[in-house]
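In the numbering used here, the protein residues as written are 1 to 135.
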């Protein structure tokens, strides 16, 4: 995603920043670069806060040691809410996959209504030049 000075910033960082401004005590975007990496909205890789570590440990245990389907952004609020956001590029026709649905089901089973899921769409849809109106 481009910011005002034409520099690029990962879309997950933008989402995490927004969640911090909404009151999250911590928010990260995640990457699985040979292992789980947590990145703060200021683009610094960090060891996550204890609440995030506990969430990941519970999910990993419930998913037989795997984290397939881990959302792009995790945020934790003082009132106990756990916010999970998946970023999808609409221009690339990016869609949720079965692992992401399974991760969401497991999180809901473990944490109930404390979990807030959403998909954040970004990018631009391709022009409709490929659409044919012929019968």
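The beta-carbon is built from N, C-alpha and C at its ideal position, and this holds for glycine as well.
(message) To the nearest angstrom, how far is the alpha carbon of residue 99 from that of residue 111?
(response) Sequence index remark: in the chain shown, residue 99 carries index 99 (1-based). Sequence index remark: in the chain shown, residue 111 carries index 111 (1-based). Between residue 99 and residue 111, the C-alpha separation is close to 18 Å.
(request) Taking only the alpha-carbon atoms, compute the straight-line gap between residue 86 and residue 93 and give it to the nearest angstrom. (result) For the purposes of this step, residue 86 is taken as residue 86 along the chain shown, with counting starting at 1. For the purposes of this step, residue 93 is taken as residue 93 along the chain shown, with counting starting at 1. It is roughly 14 Å from the alpha-carbon of residue 86 to the alpha-carbon of residue 93.
(message) Between the region 112–126 and the region 74–85, can you find at least three pairs of beta-carbon atoms closer than 8 Å?
(response) Between the region 74–85 and the region 112–126 there are three or more C-beta pairs closer than 8 Å, enough to call the two in contact.
(request) Determine the burial state of residue 26: buried for a count of at least 16 other Cβ atoms within 10 Å of its Cβ, exposed for fewer. (result) To locate residue 26, count along the chain shown from 1; it is residue 26. Under a 10 Å Cβ-count criterion, residue 26 is classified as buried, with 16 or more other Cβ atoms of the shown protein chains found around its own Cβ.
(message) If I follow the unbroken beta strand (DSSP E) through residue 77, where does it start and stop?
(response) Position 77 of the chain shown, counted from the start, is the residue given in the question as residue 77. Going by DSSP, residue 77 is part of no beta strand (DSSP E) at all; its letter is neither H nor E.
(message) Helix, strand or coil, according to DSSP, for residue 44 in the structure here?
(response) As a first step, residue 44 must be located in the chain shown, where it is residue number 44. DSSP places residue 44 in coil when its eight states are reduced to three.
(request) Leaving aside the five residues before and after residue 133 along the sequence, list all residues of the same chain whose C-beta is less than 8 Å from its C-beta, in chain order. (result) In the chain shown, the residue the question calls residue 133 occupies position 133. Reliability of the predicted coordinates at residue 133 is poor, the pLDDT of 47 falling under 50, and no value is obtained from them.
(request) Return the chain-ordered list of same chain residues with a C-beta closer than 8 Å to the C-beta of residue 102, the five sequence neighbours on each side being excluded. (result) In the chain shown, residue 102 corresponds to position 102, counting from 1. Closer than 8 Å at the Cβ level, and outside the excluded window around residue 102, lie 63, 68 and 69.
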